[in-house]
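Structure first, then comments.
Number of protein chains: 2
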Amino acid sequence: MTGTSSGRRVTSADVAREAGVSRATVSYVLNDTPHQKIADATRRRVWEAAARLGYSPSAAARTLRTGRSDIVLGLLPNWPIEHVLGRLIQQLTSAFAEHELTFLVHSSAPPARPLREIWKAVTPAAVLALEEFPESEADAMRAVGIQVVMALHGSVRGEPRPPLVSEEPIGAVQARHLVGKHRRLGYASPDLTRLGALARSRLDGVREVCAELGLPEPDARTVPLEQSGAAEAVKTWLAADPPVTGICAFNDDVAMAVLAALRSLGLRAPQDLAVIGVDDIPGAALAQPPLTSVVRDTDAIARGLARRIVDTLDGKDAPADPIRDPLRVHVRESA
Amino acid sequence: MTGTSSGRRVTSADVAREAGVSRATVSYVLNDTPHQKIADATRRRVWEAAARLGYSPSAAARTLRTGRSDIVLGLLPNWPIEHVLGRLIQQLTSAFAEHELTFLVHSSAPPARPLREIWKAVTPAAVLALEEFPESEADAMRAVGIQVVMALHGSVRGEPRPPLVSEEPIGAVQARHLVGKHRRLGYASPDLTRLGALARSRLDGVREVCAELGLPEPDARTVPLEQSGAAEAVKTWLAADPPVTGICAFNDDVAMAVLAALRSLGLRAPQDLAVIGVDDIPGAALAQPPLTSVVRDTDAIARGLARRIVDTLDGKDAPADPIRDPLRVHVRESA
DNA sequence: TCGCGCCACTTAAACGTGTAGGTTGACTGA
DNA sequence: TCAGTCAACCTACACGTTTAAGTGGCGCGA
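Below you can see the structure in the form of structure tokens.
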């Protein structure tokens, strides 16, 4: 019997009255406050009374008193939210749930409210930034006691710091996959400027591998998500000297554009041009030819980020080392 | 100069002191409470004091006092969050922002916290349910004054009611597009049971159009997202008597599975089997052949839902009629 | 001159918690 | 016997707002 439909909400005072104790005792019992001795019999009485009345504490009052809620606020970038990011959100929700934390997500697409309004409206215990935002804003949050964790770009007190979840390894894995058979690589960047930072990081990973192996710089070109535009890029790659023979694509969508362009030119992957994508979206397996793709272990990322935040909230100063998420190559036919 | 780094937060009492008025006056001015006469000179003093100190009210305290925050909580279904749902979220965020409301999203994937914990942790002004959940839970929310709006299945005080955003029209539009050249239609359902309800609704739309035109019942089959499984379904359709010649797919992913299956069988779309999808994902334009797809106007849906909720919050009892979002067919080659 | 009404405020009571600091009474050791 | 200790609880304040009810002063009509 939880909700009697009477208008008034049941407060800790009601529980206290029902159990024949003071409100403080109720609070001590239900939060089992350390260093507070309460007799077992009393504990039971309080628990039972609370259950009988269907008591659940007012989050607003608790937040007002303690200065923080049990909410972790996730700030999404202005990117398209697709399959992988969606899964990450779900796994973050689960990961935080295991620590009694509520994960809520705010997606900032203009016209949005100023960032301040958002976190002031929530009073979260921590903010997990999946988007980049000004350090000044982060400082403002920290000033009111909110823990701030940035997933991507990072800095600690002005000191730049490797991002918690880094993108370079993705490009590196792509490159390493191709580098056995291909000596000259290309990079297919997305058309969206919003994705620029992400794309640059991944490209850096490709670049590093090439440098390491004494191969020429990867040839990066923007590939729009339609056939004819993509075909231009493909022609340029093939006409280069020496010709590019393997493409690392920013993600599977871009990769599929490259594949479509190849078909339109009467060419084939991987014979004429090998292509490897990222994300392993459902369409990858169904592409012509089936697309080889790098998959990131979002569950590991989610758990890593959640642990980082929980540790910070518990006062352990978090180790600033990046989260290591295993990357896997789902090998199909395109590369 | 917003945040002096001093620890204490700026409260309305500080503003009152600075402006030489009482705390009540500050509240009246900043909220400009109707029917409260405040001299213009005083108003200005308060505003300036507030700005000078960088005052921003404590959401927790306000929520505690008034019983509701300015947060609208979106409850996501357990579906994969992909392109369209992602865009809807972003547009909902913008739509609510225009009404000074903060839209936050909770994605419930098990193991998640019980639903109660979520909305009790937020004290939202309204809940927008994109997932189905028990009516009892909705009643519990309403009991504490939270407005509840369900997007999909709907009921008002026990009376079942057409859903605010309905899925049947999608199937209907697909069918109508095919029905000119095709007399026997098939429906390609997704492999995910979680999407079952959604798929059934869309299929109903197809069914209705067929009935209306005196065509045979559409032949619905589950199409897994890989070639060989999908090929089974395709073979069954083509072997039927009379053979199925046009397929309405649940979404573009499923449609692309059908296209892949056709290719693997040496067949072609639309000659051997026409296919039409839903969502117009980036991959649709790049498929082989390019995929015809139904696009839904998510912006209209977002605005409609936001308006519904804002009206309800303003006390106007909302008209219960569904949101009309224009559907468009992006015609390419597959149908 | 008095009384009434109105403007422009102020006072003070909530909202529901957490928690520091006190207050019992029983028990212990010398 | 009595100061001292400790378990087990309670009193009372603070968190920052909103808002109903009250108050002083001024203008104005009779």
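Chains V and A are the protein sequences, given in the same order. What the first sequence shows, in our numbering, is residues 5 to 339, in sequence order. What the second sequence shows, in our numbering, is residues 5 to 339, in sequence order. Positions of the beta carbon are idealized from the N, C-alpha and C atoms, including for glycine.
Kindly give me the distance between the Cβ atoms of residue i and residue j, rounded to whole angstroms, as I take these residues to be in contact under 8 Å.
i, j, result
"A/Q275", "V/L290", "Not confirmed; about 20 Å, so no contact."
"V/D74", "V/L105", "6 Å"
"V/C252", "V/A179", "6 Å"
"A/V131", "A/L77", "5 Å"
"A/G149", "A/G71", "6 Å"
"V/P286", "V/S338", "With a Cβ gap of about 16 Å, V/P286 and V/S338 do not count as contacting."
"V/V213", "V/A176", "5 Å"
"V/L229", "V/D257", "6 Å"
"A/V168", "A/P326", "Per the sequence shown, residue 168 of chain A should be read as Leu rather than Val. Correct: roughly 6 Å between the Cβ atoms."
"V/V227", "V/S193", "7 Å"
"A/A288", "A/G250", "Their Cβ separation, rounded to whole angstroms, is 17 Å, which puts A/A288 and A/G250 out of contact at 8 Å."
Hey, could you find the ends of the beta strand (DSSP E) residue i is sitting in?
i, result
"V/I251", "G250 to A253"
"V/L77", "I75 to L80"
"A/I280", "A278 to V282"
If you reduce the DSSP assignment to three classes, tell me which class residue i lands in.
i, result
"A/D223", "strand"
"A/L105", "coil"
"V/V153", "strand"
"A/H181", "helix"
"A/R336", "coil"
"A/Y32", "helix"
"V/G190", "strand"
"V/V169", "coil"
"A/L300", "Here the sequence assigns Arg to residue 300 of chain A, which means Leu is not the residue at that position. Here A/R300 sits in strand by DSSP."
"V/V25", "coil"
"V/A142", "helix"
"V/A20", "helix"
"V/V131", "strand"
"A/L331", "strand"
"V/H110", "strand"
"V/W241", "helix"
"A/W51", "helix"
"V/D315", "helix"
"V/T37", "coil"
"A/R198", "helix"
"A/Q275", "coil"
"V/S98", "helix"
"A/D321", "coil"
"A/L207", "helix"
Could you give the distance in angstroms between the alpha-carbon of residue i and the alpha-carbon of residue j?
i, j, result
"V/M1", "V/L271", "Outside the displayed range of chain V (5 to 339) lies residue 1 of chain V, so it cannot be described from this structure."
"A/R12", "A/L331", "53 Å"
"A/A147", "A/S170", "27 Å"
"A/G209", "A/R225", "16 Å"
"A/P246", "A/R188", "7 Å"
"V/S98", "A/I85", "15 Å"
"A/D284", "A/A142", "34 Å"
"V/E52", "V/V19", "9 Å"
"V/V248", "V/L92", "34 Å"
"A/H103", "A/V314", "8 Å"
"A/L182", "A/R206", "15 Å"
"V/Q378", "A/S112", "Residue 378 of chain V falls outside the range modelled here, since chain V spans only 5 to 339, and no answer is possible."
"A/V298", "A/I122", "35 Å"
"A/L309", "A/E135", "14 Å"
"A/N82", "A/R198", "7 Å"
"A/A306", "A/F100", "9 Å"
"A/H186", "V/H87", "33 Å"
"V/V14", "A/A129", "19 Å"
"V/E116", "V/F137", "Per the sequence presented here, residue 116 of chain V reads as Ala, with Glu not at that position. V/A116 and V/F137: Cα-Cα distance of roughly 14 Å."
"V/N35", "A/S140", "28 Å"
"A/P61", "V/S62", "19 Å"
"V/R300", "V/V333", "9 Å"
"V/P118", "V/R66", "26 Å"
"V/R21", "V/G58", "14 Å"
"A/A125", "A/R204", "34 Å"
Comparing the CB of residue i with every heavy atom of the ligand ZN, is any distance shorter than 7 Å?
i, result
"A/F107", "Among the components modelled here there is no ligand, and therefore nothing to report on the ligand ZN."
Looking at the secondary structure, which residues open and close the alpha helix (DSSP H) in which residue i lies?
i, result
"V/V126", "L119 to V126"
"V/P286", "P286 to L290"
"A/D325", "Segment: none, A/D325 is in no alpha helix (DSSP H) and carries neither H nor E."
"A/T67", "A63 to T70"
"V/L269", "Here V/L269 belongs to no alpha helix (DSSP H), and DSSP marks it neither H nor E."
- [ ] Give a yes or no on contact between the segment 255-274 of chain A and the segment 237-246 of chain A, applying the rule of three or more CB pairs nearer than 8 Å.
- [x] The answer is yes - the segment 237-246 of chain A touches the segment 255-274 of chain A, with three or more Cβ pairs under 8 Å.
Task: Three CB pairs or more closer than 8 Å across the segment 40-51 of chain A and the segment 31-45 of chain V - done: Touching, no, given that fewer than three Cβ pairs across the two stretches are closer than 8 Å.
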